[in-house]
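Those letters in the sequence shown? Residues -12 to 322, per this note's numbering, in order.
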Amino acid sequence: MSTADRRGPARPGARGFSLIELVATVSIVALMTLVIERTISGVTENERTMRAIRNTSERGQRAAFRVRGLVSSARKVYQDDTVGQGYLQRLAIPTGTPILPGSRMPKFDEIGALAPDAAGDPRTGNMLLFVREADPLPCMANAATKKTRLVDTYRFCLVHLTATSRTLVAGGSPALDLVEWRSVVFPSYPQVMAITDATERSRVVAELYNRYDVDYLWDVSKPVTSAFYAIDGVGTVAASPSTPTTIPRDANVARAGSMVPANIAVAYTDMASSPRKPVFTVDAPATWTPHGFETKVVGPSGSRKIWMRLTVEQQAGKGRVPAHQTAVVATTRDA
């Protein structure tokens, strides 16, 4: 008897897989792998979206409250009039963060409330120009007696939108960022001129020029054409005002756009999206849009309320996450 005969007939389970069974098994494994991959991808995408939503919310709120803190300490707020435009045109705005074309300052509503603009009377803007007090400068008025005078100083601040060179969504518009421009300091002209001792006043002025690199004193109550007085290193104050060519930016304290580098942008106005629609602006979208930064100023001098709405968005996966809107109100002692 041969060896094959001694083995006997093959058992049913020992014959291996047929071609049909192999194809069916491979198909089932491939289908299960696809389902698992899609499930993992979906969970990952949802987690990425939720993380983007949290990040957008946190950054948007942080920026809005930072601007509110700046405006709350404003000494003076400017509106879209001759005085405001005069100062705005003198600001040395860097070419890398230009003011978004079409931007405008708000117009004060002295007797109104925080409410949407009346039809035909646009008062809402999308930028803010104001002045806040900076740290006072100690100046030696009398070296013999060590008498020191603290001179009050001011900074001009402009919060505005700028269009960057980046896009957060493929094929989209240039991403918008929020810029916090700040000037160099200007000492108080009335305070310096109130020093009755001419020798002390001269020494203080000389200190401002030589020690702190100050070129002009400034009168907060005057328009740009009559508010600046040139000084020199020997302590002389010009007898008449002279308008500086530009109001320089202080790169040490100014804040260029910081959202876009973190893949977050100020949202464009979108009338079909509730968070991206204007709240106070009633202008026709074809006429003017504030985009994601609206500003409105109401109340009389000395107790103005400044309302700000900031809407930001972030790309997550294949599209944008829902925009997050933050609205804050600042109260100022505007002169």
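No residue lacks a Cβ here, since even glycine has one placed at the ideal position from N, Cα and C.
Just so you know, these numbers come straight off a predicted model, no measurement behind them.
When the Cα atoms are used, what is the spatial distance from residue i to residue j?
i, j, result
"D206", "A259", "47 Å"
"S59", "M19", "59 Å"
"I218", "V224", "5 Å"
"L163", "A252", "5 Å"
"K283", "G112", "6 Å"
"D122", "D139", "7 Å"
"V316", "V285", "11 Å"
"P277", "P265", "7 Å"
"A128", "A181", "13 Å"
"M98", "G71", "Correcting the residue type first, residue 98 is Ile in the shown sequence and not Met. Answer to the nearest angstrom: the Cα atoms are 20 Å apart."
"V192", "L116", "28 Å"
"Q312", "G83", "26 Å"
"S261", "Y176", "48 Å"
"C126", "A226", "22 Å"
"P174", "T233", "16 Å"
"S229", "G159", "46 Å"
"A243", "I80", "11 Å"
"R200", "K134", "Before going on, a small fix: residue 200 reads as Asp here, not Arg. One C-alpha to the other measures close to 21 Å."
"S208", "P103", "30 Å"
"K63", "L57", "12 Å"
"V211", "Y74", "6 Å"
"A314", "N239", "28 Å"
"R320", "I293", "11 Å"
Considering only the alpha carbon of each residue, which of the options lies closest to residue i?
i, options, result
"A130", "T186, A317, W168", "T186"
"G220", "L195, T232, M114", "L195"
"Q302", "V316, A249, R119, K264", "A249"
"M246", "S14, A79, T151", "T151"
"A106", "A193, A273, F267, V308", "F267"
"T318", "S290, V64, T298", "S290"
"A241", "L124, T132, D104, C144", "C144"
"V299", "S5, I15, Q48", "Q48"
"D68", "E45, D96, L155", "D96"
"M92", "S44, V166, L204, Q66", "Q66"
"A100", "A310, P287, E45", "P287"
"V179", "L124, E167, L155", "L124"
"S189", "F215, A214, Y216, G222", "G222"
"R136", "D184, F280, P235", "D184"
"Q76", "K94, V54, P235", "P235"
"A61", "E120, A214, F215, R263", "E120"
"A51", "A214, H147, L87, I15", "H147"
Ordered along the chain, which non-local residues of its own chain (more than five positions away) have a Cβ less than 8 Å from that of residue i?
i, result
"D237", "R142, R169, S170, V171, V172"
"R153", "P161, A162, V247"
Quick one: what's got a C-beta closer than 7 Å to residue i's C-beta in the same chain, skipping five residues either side?
i, result
"T197", "Reading off the sequence, residue 197 comes out as Asn, not Thr. Once the five neighbours on either side are set aside, the close Cβ partners of N197 are G220."
"P272", "T256, M258"
"G89", "W275"
"P85", "T149"
"M(-12)", "Low confidence applies to M(-12): its pLDDT is 48, below 50, so where it sits in the model is not reliable enough to give any reading."
Check whether the Cβ of residue i lies closer than 7 Å to any Cβ atom in chain C.
i, result
"V201", "Protein chain content of the structure displayed is limited to a single chain, and chain C is not contained in it."
Below 6 Å CB to CB, which residues in the same chain sit around residue i once its five sequence neighbours on both sides are set aside?
i, result
"R46", "I251"
For the segment 225 to 289, which segments carrying the beta strand (DSSP E) assignment without a break, of at least 3 residues, lie completely within its bounds, in sequence order? Within the segment 225 to 289, the complete beta strand (DSSP E) runs of at least 3 residues are 251 to 253, 280 to 285.
Could I get the ranges of all uninterrupted beta strand (DSSP E) runs contained in the segment 76 to 129, with 3 residues as the minimum, in chain order? 115 to 129
At 4 residues or longer, what runs of the alpha helix (DSSP H) sit wholly inside the segment 132 to 212? 176 to 180, 185 to 197
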